[in-house]
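Here is the structure we will look at, set down as structure tokens.
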Amino acid sequence: MEKNSIYKDARLLSKYISLTIISILFLLLILITLIGLIVVGINVKPVNADSNEQVIVNVNPNTNTEMLSQELSDKKIIRNATIFKYYLKLNNISSFQAGEYKFSPSMSPRDIAKSLETGKVYLKTAVQYDVKEGSNVELIAGILEENTSISRESFLKKMRDQDFVKKYQKKYPDMLTDEVLNKNLRYPLEGYLAPSTYQFSKSDVTIDDVTNEMLNETYHTTYKIYKENGGFKYTSNYEEKKITFHEYLTLSSIVESEMKNVTDKSRYISLLLNRIENNPQIALNSDATVRYANKKETTEALSDKDYKNDSKYNTYAHKGLPIGPICNISDETARTTVNPPETDYFYYTTTKKGKVLFAENLKEQEKNRDK
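In structure tokens:
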């Protein structure tokens, strides 16, 4: 009888504890929900209901919800980029009419979203130009001269101007480090001008206008990929190593220039790292760097003299990484190269049909060359 009483008490105690835990969890859930509602409630209000300020926001054809939300937050038009991004997602607003919008801190996120959804632009596009992946500064200069009022020479002059570059260093200090001030660099911003379709509402765009837009694009794409990955990491001799964003962009620009598909890009970045880290006596030997050093197009043949050019960009003449990027890179390349695989590749060759074959040693390389 006494045993039954003990078991009964134990069951009651267990039931009481379970109910107590459930009650506490339920109360916590209610509390978290209330806090969440309060936070959302605050962040869906205008930043400043009394503001008369008007802010122009340029929306390009490739602008996504994340990029736009961050820009609106940076310009103090909305309170919270994350909440606004999810607001757009919940309302199935994912594409926007390109052009320039006029927003105010007095507008609610709902009003802003409505303008974006209906394409209520302030000014229509007057200038548009496309920058493709793999483009270098000189190619971009030609594109600008063809599509804007900016001359090729005036743009290139600014691209060589360190004072001009330093101005943007202040705006993007993490992305544009002092590595871009190396006096041996042909153009300090080489590789940092992202591929995209750019649009402006005014016909008389300035070098500052286009530079700011292209750097902003890089910051929200390539640099974001690098940062979200925790930087560029790879393993060498069982140790995890990191390289700077400038070095990552330099490596990736070679990959962009040399390889076409994701698989080859992934293997090639590993090959380059193997040469740098595990066998530094083997130069990177990238023809793309020779072309850049000699200002030659991909259609032009390379001579012995070209390969011997003492330029710091020439990876035949100098071992290790060149001093800077040789072109911009695509998002695909950025995502492929930021996490390089571990391989034992040191060599590669391309067949007559364009297939890239990788090899771990010279014996394999010779076999591949016969294919």
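Numbering (our numbering), first residue to last: 3 to 373. Where a beta carbon is used, it is the ideal one built from N, C-alpha and C, also for glycine. Remember, it's a predicted structure, so these values are computed and weren't measured experimentally.
Could you tell me the boundaries of the beta strand (DSSP E) in which Asp266 lies?
-> Taken as a continuous stretch (DSSP letters only), Asp266 belongs to no beta strand (DSSP E), being part of the alpha helix (DSSP H) at 264 to 279.
If you draw a straight line from the alpha carbon of Ile58 to that of Ile24, how long is it in whole angstroms?
-> The straight-line gap from Cα to Cα measures roughly 51 Å.
Would you kindly check if the distance between the Cβ of Ile328 and the Cβ of Tyr318 is under 8 Å?
-> No, they are not a contact pair.
Segments assigned alpha helix (DSSP H), at least 4 residues, entirely inside the region 79 to 154 | Complete alpha helix (DSSP H) runs here, min 4: 83 to 92, 111 to 120, 139 to 149.
For Tyr250 versus Tyr228, is the C-beta spacing smaller than 8 Å?
-> Contact: yes.
On the three-state DSSP scale, how would you describe Tyr309?
-> Of the three classes helix, strand and coil, the one that applies to Tyr309 here is helix, per DSSP.
Taking the CB atoms as reference points, tell me whether Leu118 and Phe86 lie closer together than 8 Å.
-> At a Cβ-Cβ threshold of 8 Å, Leu118 and Phe86 do not count as neighbours.
Give me whichever residues DSSP pairs with Ser198 in a beta bridge.
-> DSSP, once it has assigned bridges, lists Val133 as partnering Ser198.
Compare the C-alpha of Ser137 against each of Phe202, Thr300, Asp372 and name the closest.
-> It is Thr300.
Residue range of the alpha helix (DSSP H) that includes Phe348 = That residue, Phe348, is in no alpha helix (DSSP H); it is neither H nor E in DSSP.
Just the Cα atoms here: how many angstroms apart are Met3 and Leu21?
-> Confidence is the limiting factor: at Met3 the pLDDT is only 49, short of 50, which leaves the residue's position unreliable and the question unanswerable from this model.
List the endpoints of the continuous alpha helix (DSSP H) containing Leu191.
-> Careful: Leu191 lies outside any alpha helix (DSSP H) and carries neither H nor E.
Cβ contact check for the region 201 to 219 and the region 268 to 286: 3 or more pairs under 8 Å = Contact between the region 201 to 219 and the region 268 to 286 is absent, because fewer than three Cβ pairs lie under 8 Å.
Local conformation of Val340 per DSSP, three classes | Of the three classes helix, strand and coil, the one that applies to Val340 here is coil, per DSSP.
Within 8 Å, strictly: CB atoms of Tyr200 and Glu215 | Going by C-beta atoms, Tyr200 is nearer than 8 Å to Glu215.
Out of Phe348, Lys244, Gly232, state which residue places its alpha-carbon closest to the alpha-carbon of Ser284.
-> Checking the displayed sequence, the identity of residue 284 turns out to be Ile instead of Ser. Nearest C-alpha to Ile284: Phe348.
Look at Ile325 and Asn218 and say whether their C-beta atoms are less than 8 Å apart.
-> No, they are not a contact pair.
Report back the beta-carbon spacing between Val139 and Leu195 to the nearest angstrom; my notes put them in contact at under 8 Å.
-> Yes, they are in contact, since the Cβ atoms of Val139 and Leu195 sit about 7 Å apart, within 8 Å.
Given a cut-off of 8 Å, decide if Val167 and Leu191 are closer than it, judged by their beta-carbon atoms.
-> Between Leu191 and Val167, the gap from beta carbon to beta carbon is short of 8 Å.
C-beta contact flag for Lys221 and Phe247 at 8 Å = Note that residue 221 is Tyr in the sequence shown here, rather than Lys. The answer is no: Cβ separation not under 8 Å.
Could you work out which residue in Ile142, Ile79, Gly144 is closest to Asp113 when comparing CA atoms only?
-> Closest by alpha carbon: Ile79.
If you count every other CB in all the chains shown that lies within 10 Å of the CB of Arg371, and 16 or more means buried, which is it?
-> Taking a 10 Å sphere around the C-beta of Arg371, we find fewer than 16 other C-beta atoms and assign the residue as exposed.
Hey, would you say Leu2 sits closer than 8 Å to Tyr350, going by beta carbons?
-> Absent from the model: residue 2. The displayed extent of the chain is 3 to 373, so no value can be given.
Can you give the Cα-Cα distance for Leu146 and Val133, rounded to whole angstroms?
-> A straight line joining the alpha-carbon of Leu146 with that of Val133 spans about 9 Å.
Enumerate in chain order the residues of its own chain whose CB-to-CB distance from Pro111 is below 7 Å, with the five nearest sequence positions on each side excluded.
-> Closer than 7 Å at Cβ, skipping near neighbours: Val46, Ile80, Phe86, Tyr89.
Ordered along the chain, which non-local residues of its own chain (more than five positions away) have a Cβ less than 6 Å from that of Ala51?
-> If we look at Ala51 and ignore the five residues flanking it on each side, its Cβ neighbours are Ser108.
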